[in-house]
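**Q**
Numbering (full-length UniProt numbering), first residue to last: 1 to 98.
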């Protein structure tokens with residue numbers, strides 16, 4: 001019988017979810033409405049409701065997000081507190097609806 005993988009320890013402003021969309025809320029995406037999110041999901045530590053990840057990977061209220069966001073089409077984000085799970089999450093840094 002396989003041994004179940006232990007649930008990772010999340011930060012105080014995070015919660016573990018077994019399946020959450022791979023384009024979770026970040027400072028770059030929280031106020032966007034036309035983001036195409038993949039149908040897949042993955043487990044990991046994610047910001048608690050009402051918080052978003054900033055550029056440092058810290059969960060903050062959206063009011064604390066820097067107004068200047070990167071202009072690259074995608075930014076690769078990693079969650080260091082859940083690094084043992086080795087999941088990468090992608091967020092739109094800039095999205096222009098066609």
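Glycine residues also receive a C-beta, built at the ideal position from the N, C-alpha and C atoms. Quick caveat, the model's predicted, so the values are computed rather than measured.
To the nearest angstrom, how far is it from the Cα of residue 8 to the Cα of residue 43?
**A** Residue 8 and residue 43: Cα-Cα distance of roughly 10 Å.
**Q** Which residue spans inside the UniProt domain "TIL" (10-65) form an unbroken beta strand (DSSP E) run of at least 3?
**A** Here the runs fully enclosed are 14-21, 41-47.
**Q** Verify whether the separation of the beta carbon atoms of residue 19 and residue 52 is less than 7 Å.
**A** No, they are not a contact pair.
**Q** Using beta-carbon positions only, say whether residue 23 and residue 45 come within less than 7 Å of one another.
**A** Contact flag unset, no.
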